[in-house]
Amino acid sequence: MTVPLMALAVGAVFAGFFGIPGALGGSNEIEHFLEASFTASAGSGEHATEAHALAAAGHGEGSGAESHEVSGAVELGLMAFSVAIAAAGIGLARRFYVTNPEIADGLATRFSGAHRTLSNKYYVDELYNATVISGTMNAGRSLWMFDRNVVDGAVNGSSWLTLFSSWLSGLTDKTVVDGAVNFIGWATQESSYWFRRLQTGLVQNYALLMVLGVFVFIVYLYVR
């Protein structure tokens with residue numbers, strides 16, 4: 001927390017030069033910059049015109065200067081009071097922790113509960129770790145497990161199913177489709193060998209086959 005506080009302190013130092021109040025001779029640019037945000041809800045149209053008219057009339061009567069003087073005095077008083085409180089706090093801290101540290105030890109022992117609570121900064125960090133950080137980590141871990149088991153599982157399952165179906169399709173094409181085509185080609189080739197032996201182109205062989213056929217037919221009829 002030290003480094004963020006140092007960064008905020010540097011920003012506060014430089015931002016303070018833009019917010020020097022009129023009581024100290026400054027123009028308080030921050031007040032004029034934010035003035036529109038606080039006066040925007042005052043009204044619009046006729047109501048806003050009436051409000052501005054009443055304000056202008058009040059300033060014309062001299063009450064505005066008096067209120068400005070009163071606000072300036074109050075502002076200077078609040079500044080002096082704030083500086084006095086800060087100086088008193090610095091002096092008290094120096095007395096407790098530098099000059100007489102035994103006083104701080106005695107108070108820590110006497111008010112142990114309050115000292116423990118203040119030392120742990122009201123346990124804001126512990127509560128933040130137990131709720132926001134722990135919840136964020138658990139949610140991230142749950143999302144990671146869902147991504148690993150469900151999303152990646154679905155993607156890997158689809159990939160495995162695609163590979164298996166392509167392997168099965170290739171095996172079917174190789175063994176069944178190509179096997180059937182190759183078997184038909186092989187059967188045609190083997191049977192054509194015997195048909196080629198019968199189809200010699202010689203008329204004598206054809207006449208001999210016809211005579212044998214007639215002989216077989218007559219024998220069949222005679223036996224029957």
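Under our numbering, residues 1 to 224 are what the sequence shown spells out, in order.
For each residue, glycine too, the CB sits at the ideal point set by N, CA and C.
Nothing here was measured: the structure is a model prediction, and the numbers come from that model.
Limits of the unbroken alpha helix (DSSP H) element including residue i
{"i": "T305", "result": "Residue 305 is absent from the structure shown; the chain starts at 1 and stops at 224."}
{"i": "P4", "result": "T2 to G16"}
{"i": "Q204", "result": "V203 to V223"}
{"i": "P101", "result": "P101 to R110"}
{"i": "L24", "result": "Element bounds for L24: n/a, residue is neither H nor E."}
{"i": "T39", "result": "E29 to T39"}
{"i": "V124", "result": "V124 to Y128"}
Test item: CB-CB of residue i and residue j under 7 Å
{"i": "G11", "j": "I20", "result": "no"}
{"i": "F96", "j": "A104", "result": "yes"}
{"i": "L76", "j": "A23", "result": "yes"}
{"i": "I30", "j": "F18", "result": "yes"}
*Which residue spans inside the region 140-202 form an unbroken beta strand (DSSP E) run of at least 3?*
none
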